[in-house]
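Below is one structure, written out as structure tokens; the observations come after it.
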Amino acid sequence: MRGADLLVKTLVDADVTKIFALSGNQIMSIFDASIGTGLELIHTRHEAAAVHMADAWGRLTDRPGIALITAGPGFANALSALYVAKVAESPLVLLSGHTPVNQLGLGAFQEMPQAAMAAHVTKASWMASDASQLGNDIEKALLIASHGRPGPVQISLPADVLESELVAVPADSVSDALASLSTVRLTDGAIGQLASALGNARRPLVLGGPAFTRGLPAEALRAFSEATGVPAIGMESPRGVNDPSLGAFAEVLVQADLVLLLGKRLDFMVQFGSGADINPDALFMHVDFDEDAIAHTKTRLEAMGKTSGAQVGDPLDAVQRLTGAVRSASNDWRNEVREAVAHRPVQWREIEHAQGEPLHAVEIGRAVQAFLDGGADSIYVSDGGEVGQWAQACLSTSRRVINGPSGSIGSSIPMAIGARAANPDSRIVTMLGDGTFGFHPAEFDTAVRNNLPFIAVIGNDSAWNAEYQIQVRDYGEDRLIGCELLPSTRYDEVAKALGGYGELVTEASEIGPALQRAHDSGLPSCINVIMARNAAPIIRRG
Ligand SMILES: Cc1ncc(C[n+]2csc(CCOP(=O)(O)OP(=O)(O)O)c2C)c(N)n1
Numbered sequence: 001m002r003g004a005d006l007l008v009k010t011l012v013d014a015d016v017t018k019i020f021a022l023s024g025n026q027i028m029s030i031f032d033a034s035i036g037t038g039l040e041l042i043h044t045r046h047e048a049a050a051v052h053m054a055d056a057w058g059r060l061t062d063r064p065g066i067a068l069i070t071a072g073p074g075f076a077n078a079l080s081a082l083y084v085a086k087v088a089e090s091p092l093v094l095l096s097g098h099t100p101v102n103q104l105g106l107g108a109f110q111e112m113p114q115a116a117m118a119a120h121v122t123k124a125s126w127m128a129s130d131a132s133q134l135g136n137d138i139e140k141a142l143l144i145a146s147h148g149r150p151g152p153v154q155i156s157l158p159a160d161v162l163e164s165e166l167v168a169v170p171a172d173s174v175s176d177a178l179a180s181l182s183t184v185r186l187t188d189g190a191i192g193q194l195a196s197a198l199g200n201a202r203r204p205l206v207l208g209g210p211a212f213t214r215g216l217p218a219e220a221l222r223a224f225s226e227a228t229g230v231p232a233i234g235m236e237s238p239r240g241v242n243d244p245s246l247g248a249f250a251e252v253l254v255q256a257d258l259v260l261l262l263g264k265r266l267d268f269m270v271q272f273g274s275g276a277d278i279n280p281d282a283l284f285m286h287v288d289f290d291e292d293a294i295a296h297t298k299t300r301l302e303a304m305g306k307t308s309g310a311q312v313g314d315p316l317d318a319v320q321r322l323t324g325a326v327r328s329a330s331n332d333w334r335n336e337v338r339e340a341v342a343h344r345p346v347q348w349r350e351i352e353h354a355q356g357e358p359l360h361a362v363e364i365g366r367a368v369q370a371f372l373d374g375g376a377d378s379i380y381v382s383d384g385g386e387v388g389q390w391a392q393a394c395l396s397t398s399r400r401v402i403n404g405p406s407g408s409i410g411s412s413i414p415m416a417i418g419a420r421a422a423n424p425d426s427r428i429v430t431m432l433g434d435g436t437f438g439f440h441p442a443e444f445d446t447a448v449r450n451n452l453p454f455i456a457v458i459g460n461d462s463a464w465n466a467e468y469q470i471q472v473r474d475y476g477e478d479r480l481i482g483c484e485l486l487p488s489t490r491y492d493e494v495a496k497a498l499g500g501y502g503e504l505v506t507e508a509s510e511i512g513p514a515l516q517r518a519h520d521s522g523l524p525s526c527i528n529v530i531m532a533r534n535a536a537p538i539i540r541r542g
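Last residue of the sequence shown: number 542 in the working numbering, and the count goes up by one each step with no gaps.
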């Protein structure tokens with residue numbers, strides 16, 4: 001048995017069924033070892049795409065997605081996608097090939113200090129150095145990725161370690177990793193203090209970090225709010241308090257007199273605790289997994305001359321215990337917050353483009369929502385850019401995947417494929433801009449080869465519109481540069497050429513039927529919708 005065989009066996013024993021991969025010299029032993037094991041290799045066209053797929057898998061299943069890529073340049077291609085996953089708190093394990101140990105430091109082919117490079121964009125990263133420990137390496141990585149604050153873990157796998165024959169397979173032992181992962185539970189006294197602070201506040205608000213927007217943590221936040229009457233929101237948008245899926249949330253945030261952050265850093269998403277949408281007298285409390293996040297909050301609050309209620313502790317455990325411990329006097333405040341979050345301008349219902357003009361984003365959203373509503377457990381995947389913001393304002397499903405706090409564009413096509421791999425029966429629609437389509441169009445080929453259909457709806461405004469809007473706003477209409485794209489590019493034909501289905505749409509009434517035909521085709525599809533350059537929405541009730 002080779003190191004590579006032990007690695008694959010460990011993955012299979014851990015119920016891993018699919019790996020998102022791209023081949024390369026240093027990892028071919030793992031490809032070889034996977035034959036006949038039932039482990040499916042979904043091989044992609046770009047390393048970042050493989051990581052985005054594993055990211056979507058992780059966010060939708062709460063079990064780490066696995067990506068496997070080659071050393072050096074292949075590994076470096078994945079760094080940006082790791083950053084997306086890290087700040088979205090998504091559990092995944094990236095396995096990358098590496099220079100053989102016996103060539104380290106000799107100027108070997110594709111040698112890079114991979115673990116050090118990945119350290120900035122992962123929860124943990126290391127180089128495996130002993131074939132007989134590869135099983136432990138994998139088990140440790142799976143644990144770290146999903147324990148506490150979820151996140152990506154990277155292991156560099158030297159080719160000679162993978163290829164060496166094992167002398168004896170050691171008994172599994174991950175106890176060291178388990179010990180280092182134990183999370184601190186708040187004391188009963190600390191829970192009591194939080195409960196009384198929440199109970200005494202007139203307008204308390206609980207804000208959860210990205211991991212609290214999905215799965216068990218999201219459920220716990222909902223249950224807490226239901227039981228206590230205290231509003232609780234999970235945050236994951238790069239637009240922070242102006243998250244378009246949170247409607248007019250900024251209008252209620254500014255009224256909050258106590259903000260309890262649960263696994264949510266006091267960062268740009270909450271205006272560092274002192275922006276235009278924060279009540280200057282608001283008290284901040286913070287429970288988080290790691291000392292780093294808490295130390296940052298303490299320093300920040302001190303600089304603002306505020307007392308800090310920040311402490312290390314498991315925020316999920318905290319919200320579960322607070323659920324039975326707090327009771328607010330009335331549900332009025334929570335209902336007001338819910339109403340603000342659900343708010344969308346009534347005028348949006350009436351929006352229709354004028355004859356001869358391109359469609360408005362809201363018209364696309366309306367048709368896509370109707371299509372999503374036609375399936376059970378539909379999932380939408382949103383990219384960034386202006387069209388992504390409109391998608392997030394207009395669409396609602398019980399589960400979604402967005403680019404997240406990174407604000408990175410380009411992930412949505414691979415994420416839709418990862419979502420499909422994890423959810424064979426759901427309708428999966430992604431919305432993205434025409435600029436962003438250019439990042440990973442070749443993944444249509446991956447989706448066709450692996451029979452992983454999804455529908456990409458392009459809001460085609462022939463521009464990098466988000467940046468075009470910045471130019472219009474900050475520099476003036478007479479100083480536009482570098483943001484135009486060709487209006488005639490047939491992205492739908494690109495999808496067709498890669499074996500998928502495609503349609504060009506210019507009328508609102510055509511979107512629904514086009515979505516249905518795309519769905520019926522059973523193929524990865526691209527609906528290329530010509531639309532206006534709508535600036536992203538900022539939703540207010542007034
Ligand atoms: C990886 C990455 N590159 C560049 C940007 C900057 N950026 C943000 S939105 C955007 C424009 C997106 O254009 P498009 O996909 O056409 O969507 P639109 O804004 O036109 O709706 C750009 C270039 C980014 N956020 N991430």
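Backbone N, C-alpha and C fix where the C-beta goes; we use that ideal spot for every residue, glycine too.
I'd like to know whether the C-beta atoms of residue i and residue j end up nearer to each other than 8 angstroms.
i, j, result
"residue 412", "residue 383", "yes"
"residue 512", "residue 284", "no"
"residue 459", "residue 210", "no"
"residue 343", "residue 248", "yes"
"residue 66", "residue 22", "no"
"residue 241", "residue 271", "yes"
"residue 125", "residue 153", "yes"
"residue 254", "residue 277", "yes"
"residue 51", "residue 94", "yes"
"residue 525", "residue 502", "yes"
"residue 262", "residue 318", "yes"
"residue 4", "residue 162", "yes"
"residue 39", "residue 10", "no"
"residue 91", "residue 164", "no"
"residue 53", "residue 418", "yes"
"residue 380", "residue 367", "no"
"residue 406", "residue 88", "yes"
"residue 388", "residue 431", "yes"
From the DSSP output, in three-state form, read off residue i for me.
i, result
"residue 18", "strand"
"residue 551", "With the chain covering 1 to 542 only, the question about residue 551 has no answer from this structure."
"residue 382", "strand"
"residue 304", "coil"
"residue 371", "helix"
"residue 328", "coil"
"residue 39", "coil"
"residue 288", "strand"
"residue 403", "coil"
"residue 412", "helix"
"residue 394", "helix"
"residue 501", "strand"
"residue 103", "helix"
"residue 146", "helix"
"residue 426", "coil"
"residue 217", "helix"
"residue 519", "helix"
"residue 447", "helix"
Starting from the C-beta of residue i, find all residues in its chain whose C-beta is less than 7 angstroms away, skip the five residues before and the five after it, and write them out in chain order.
i, result
"residue 291", "312"
"residue 336", "252"
"residue 363", "351, 352, 353 and 508"
"residue 137", "128 and 155"
"residue 506", "530"
Can you give me the Cβ contacts of residue i inside the same chain, cut-off strictly under 8 angstroms, excluding the 5 residues immediately before and after it?
i, result
"residue 328", "198, 199, 204, 228, 229, 230 and 334"
"residue 257", "201, 202, 203, 204, 279, 281, 282 and 283"
"residue 82", "51, 94, 118, 121, 122, 152 and 154"
Between which residues of its own chain and residue i is the CB-CB distance below 6 angstroms, once the five residues before and five after are set aside?
i, result
"residue 215", "62"
"residue 72", "110 and 112"
"residue 219", "none"
"residue 408", "84"
Step through the CB atoms of chain B and report whether any lies within less than 8 angstroms of the CB of residue i.
i, result
"residue 284", "The displayed structure is made up of one protein chain only, and chain B is not part of it."
For ligand 3, I want to know if residue i counts as a neighbour, meaning its beta carbon is within less than 7 angstroms of at least one of the ligand's heavy atoms.
i, result
"residue 199", "Although ligand 3 was asked about, the structure shown includes only ligand 1 as ligands."
Three CB pairs or more closer than 8 angstroms across the stretch 51-61 and the stretch 387-403: yes
Inter-stretch contact (C-beta, 8 angstroms, three-pair minimum) for the stretch 41-51 and the stretch 127-147: no
Touching by the beta-carbon criterion (3+ pairs, under 8 angstroms), the stretch 11-29 and the stretch 425-440: no
Touching by the beta-carbon criterion (3+ pairs, under 8 angstroms), the stretch 479-498 and the stretch 412-432: no
Cβ contact (3+ pairs, closer than 8 angstroms) linking the stretch 72-84 and the stretch 451-467: no
The stretch 528-536 in contact with the stretch 464-475 per 3-pair CB rule at 8 angstroms: yes
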